[in-house]
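S.K.: Counting in full-length UniProt numbering, the sequence shown runs from 1 upward without gaps.
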Amino acid sequence: MLELMNERLDDAELRELLSYAVFPDDEVLDTVLEQYRNDPQQRLYKYVEDGEAIGVIGCAADQEMEDALRIRHLAIVPEERGLGYGRGIILLLLEQEKPAVLMAETDAEGVEFYRNIGFSVMSTELDEGASDSYVCIFHADVEEEEA
1 MLELMNERLD DAELRELLSY AVFPDDEVLD TVLEQYRNDP QQRLYKYVED
51 GEAIGVIGCA ADQEMEDALR IRHLAIVPEE RGLGYGRGII LLLLEQEKPA
101 VLMAETDAEG VEFYRNIGFS VMSTELDEGA SDSYVCIFHA DVEEEEA
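#1: Look at the alpha carbon of A108 and the alpha carbon of D30, and state the distance between them as a whole number of angstroms.
#2: Contact check, E105 vs Y134 under 8 Å by CB: the rounded distance?
#3: Among all the DSSP beta bridges, which residues are the ones paired with E95?
#4: Which of the three DSSP states, helix, strand or coil, is assigned to L9?
#5: L17 by DSSP, collapsed to three states: which one?
#6: Looking at the unbroken alpha helix (DSSP H) that takes in Q35, where does it start and where does it end?
#7: Kindly indicate the opening and closing residues of the alpha helix (DSSP H) around V135.
#8: Answer yes or no: do V101 and I137 have a C-beta to C-beta separation smaller than 8 Å?
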């Protein structure tokens with residue numbers, strides 16, 4: 001079950017989950033949590049199964065595309081990774097938020113995760129010497145038509 005956490009951002013369990021998605025520095029975590037606290041367009045969800053926190057997903061309305069949602073943060077507790085929870089959380093987010101398009105930005109390490117669950121992947125051009133970056137796009141309305 002996805003629980004909206006924007007009103008409970010001081011939750012210690014949520015903070016730990018979010019630390020897996022951002023650099024685990026207290027100042028960085030505080031900054032990210034303040035962004036969720038102060039921007040009503042951003043939502044942070046905790047995924048709980050059988051009373052246990054498994055993961056977190058944060059999203060925001062995309063500023064450039066109407067009816068699009070951008071994944072800001074996604075993390076699963078280390079001992080539960082590789083068991084399908086990431087895909088499950090994304091499916092729950094699609095069901096709850098109902099965007100026409102779901103987008104995420106990732107690095108080379110995360111790109112296969114998104115590709116394997118049906119996202120189209122495009123490389124973004126970066127300055128020479130910078131690490132690879134990718135934009136991943138999922139068209140939810142296309143999936144619904146095929147179903």
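Backbone N, C-alpha and C define an ideal beta-carbon position, used for all residues, glycine too.
Computed from a prediction, not measured in an experiment: that's the story for all the values here.
M.R.: Short version:
#1: 26 Å
#2: 7 Å
#3: Per DSSP, none; premise fails for E95.
#4: coil
#5: helix
#6: 26 to 38
#7: No alpha helix (DSSP H) contains V135, which is instead part of the beta strand (DSSP E) from 133 to 139.
#8: yes
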